[in-house]
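Visitor: To start, I am sharing the structure in question, which I have written as structure tokens.
Residue numbers (this note's numbering): 382 to 660.
Right, dumping it as structure tokens:
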């Protein structure tokens with residue numbers, strides 16, 4: 382009986398050892414296959430280091446080295462303006478803080494367009510595109526969309542004024558970008574603000590047109606939807622068009638040209654000779 386027990390025990394230990402051996406061999410095969418697959422992926426997808434932010438950042442935040450990290454990123458997916466290293470973000474020998482200009486989410490690539498240059502202030506001038514200018518427009522609760530305008534929104538600008546004795550409302554600029562509302566350019570602001578002025582980004586020719594319009598009439602802003610890319614044609618409305626009234630047409634009566642003559646006899650005939658009219 383004892384011999385049978387010992388034999389069963391030996392057989393059990395042997396089977397257990399064989400099972401462990403098979404499991405180890407299977408695990409080694411899995412690791413080898415995984416390593417081979419990773420090598421293939423490395424050859425197929427080229428990676429390169431870029432700088433990302435560790436936490437969400439909003440407009441006006443000071444960027445520090447603790448806020449960024451280097452990660453490997455697919456080369457083909459690297460966005461324009463990305464930084465290749467932390468040293469590139471904070472170059473040696475250049476003192477001055479860098480501020481955030483636009484909201485950045487955690488793990489998002491840090492782009493040069495979203496932060497200021499070293500030592501540069503996060504003012505309105507840093508948000509202007511090349512060749513663009515900033516212009517302040519006076520608004521109130523009615524002309525400023527009840528205070529729901531935010532920096533980064535786009536608006537259509539309408540002018541209302543007198544033209545040839547009648548009042549006209551006309552679209553003068555479409556899709557103008559707001560870069561500041563009153564004295565704030567924070568795009569994260571969500572609550573309504575009854576602004577007295579808004580600052581828009583415009584080309585020099587647009588600045589001249591808006592300044593002339595503001596001086597000669599009233600300006601009204603119309604908020605454009607975020608996803609709206611509709612091209613707006615010329616719009617002009619007066620009181621007649623608003624009410625569907627056909628303006629009266631005045632018919633000009635052409636006056637006949639006055640002709641002055643004198644009568645005289647030539648031979649036996651009476652003839653009329655044209656002369657200049659004196660009165």
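We put the beta carbon where it would ideally sit given N, CA and C, even for glycine.
Because the structure is a prediction, the values reported are computed rather than measured.
Do residue 535 and residue 556 have their CB atoms nearer than 8 Å?
Guide: Result yes, Cβ atoms of residue 535 and residue 556 sit closer than 8 Å.
Visitor: Considering only their Cβ atoms, is the gap separating residue 485 from residue 452 smaller than 8 Å?
Guide: No, these two residues do not count as a Cβ contact at 8 Å.
Visitor: Determine the burial state of residue 554: buried for a count of at least 16 other Cβ atoms within 10 Å of its Cβ, exposed for fewer.
Guide: The residue is buried, with at least 16 neighbouring Cβ atoms inside 10 Å.
Visitor: How is residue 494 classed by DSSP in three states: helix, strand or coil?
Guide: Correct three-state label for residue 494: helix.
Visitor: When DSSP labels each residue in this structure, what does residue 657 get in the three-state scheme?
Guide: Residue 657: coil per DSSP, three-state reduction.
Visitor: CB-CB under 6 Å to residue 649, same chain, minus the five flanking residues each way: which ones, in chain order?
Guide: Taken in chain order, the list of residues that qualify is empty.
Visitor: Nearest CA to the CA of residue 656: which residue from 641, 647 and 435?
Guide: The shortest C-alpha separation from residue 656 is found at 641.
Visitor: Using DSSP with H/G/I as helix, E/B as strand and the rest coil, what is residue 393?
Guide: If DSSP states are grouped into helix, strand and coil, residue 393 belongs with the helices.
Visitor: Based on DSSP bridge pairs, tell me the residues matched to residue 537.
Guide: Paired residue(s): 603.
Visitor: For residue 480, write down the residues that DSSP places opposite it in a beta bridge.
Guide: Answer by DSSP bridge pairing, in chain order: 443.
Visitor: Which partner residues does residue 559 have in the DSSP bridge list?
Guide: Answer is 581, bridged to residue 559.
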